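All the letters of the sequence shown, read from the start, carry residue numbers 1 to 211 under the numbering used here.
All C-beta atoms, glycine included, are put in the ideal place defined by N, C-alpha and C.
Quick caveat: nothing in here was measured; it's all calculated off a predicted structure.
Okay, so here's the structure we're looking at.
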Amino acid sequence: MDYVANPAQLITATLVGFVVLLFLIIKLKLHALLSVLIAGVIIGVGSGMPFSLVTQAVTDGMGNTLKGIALIVGLGSMFGGILEVSGAAQAIADKLVKVFGEKNSAFALGLAGVIIGIPVFFDPAFIILMPIVYSIAKKTNKSLLYYVLPMTAGLGIGSAIPPTPAPMLITGSLPVDLGTVTILALVLVIPKYLISYAVAVPFAKNVCTGS
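Structural data, given as structure tokens:
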């Protein structure tokens, strides 16, 4: 069945769906996946799309997405568990702190975030690294924020490098080579992390000192 939405109706439905999405996640604390599904159905129905096409679009969209990254998501979750249980994350962070010195431990933790953020999702990687951050902050007698900001910046940058699911999904949707995307991401990561670190650490110092 061919269907062409009215542009004004589609824009209105999209804005309503976006507001509903924010309300469900922020106010009702509903799971993000369910919120996105509900908002998607609202946008489809609100734009005048027949309900049969709405359900088909949701089913096909989820199926095509999961078909490409389901294995990566599963392996990423498993790898995160392995890093935590085996102590590999602690070993990576400790080694980097030793290499760069305790004075530059914030930089080392951020770099550890970049490395661990590549194969592991942001949320579990954050949980894995937080005990290490607590330990180093207590040892150096510095604010927790001084280490959390660089570490978070590193995790965010690492999540832009394949095989993290998001860039894998984007790469699969475009006519580009995965190897080329990975190499370009690795090349861009270095200046991105240096800039993030240069911004995050002074900000953390200013916040901690109240200046």
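Checklist line | CA-to-CA distance, residue 124 to residue 176, given in whole angstroms | finding: 29 Å
Next item on the list: Look at the alpha carbon of residue 189 and the alpha carbon of residue 51, and state the distance between them as a whole number of angstroms.
Entry: 44 Å
Check: Buried or exposed: where does residue 187 fall if 16 or more other Cβ atoms within 10 Å of its Cβ makes it buried?
Finding: exposed
Next item on the list: Measure how close the beta-carbons of residue 200 and residue 153 come, nearest whole angstrom, since I'm counting them as under 8 Å.
Entry: 5 Å
Note to self: Distance check for residue 25 and residue 116, CA to CA, integer angstroms please.
What the structure shows: 28 Å
Notebook entry, point to check: When the Cα atoms are used, what is the spatial distance from residue 97 to residue 181?
Noted result: 29 Å
Next item on the list: Tell me whether residue 168 sits in a helix, a strand or coil according to DSSP, three-state version.
Entry: helix
Checklist line | Alpha-carbon spacing of residue 151 relative to residue 179, whole angstroms | finding: 26 Å
Notebook entry, point to check: What is the rounded straight-line gap between the Cα of residue 13 and the Cα of residue 48?
Noted result: 9 Å
Item checked: the stretch 162-172 touching the stretch 132-152, judged by at least three CB pairs closer than 8 Å -> no
Next item on the list: Enumerate, from N- to C-terminal direction, the unbroken alpha helix (DSSP H) stretches of 4 or more residues contained entirely within the stretch 74-152.
Entry: 88-100, 105-117, 122-140
Notebook entry, point to check: To which residues of the same chain is residue 118 closer than 7 Å at the C-beta, ignoring the five residues directly before and after it?
Noted result: 158, 161, 164
Next item on the list: Would you grab the beta carbon distance between residue 20 and residue 39 for me? Rounded to a whole angstrom, and I think it's under 8 Å.
Entry: 5 Å
Notebook entry, point to check: Helix or strand or just coil, what does DSSP make of residue 60?
Noted result: helix
Next item on the list: Indicate the three-state DSSP secondary structure (helix, strand or coil) for residue 158 in the structure shown.
Entry: helix
Note to self: Quick check on this structure: which residue in 138, 149, 43, 121 has the alpha carbon closest to the alpha carbon of residue 107?
What the structure shows: 149
Next item on the list: Mind checking which residues open and close the alpha helix (DSSP H) that includes residue 37?
Entry: 32-46
Item checked: Chain-order list of residues whose beta-carbon lies under 8 Å from that of residue 109 (same chain, five-residue window excluded) -> 93, 96, 97, 129, 132, 133, 136, 147, 150, 151, 154
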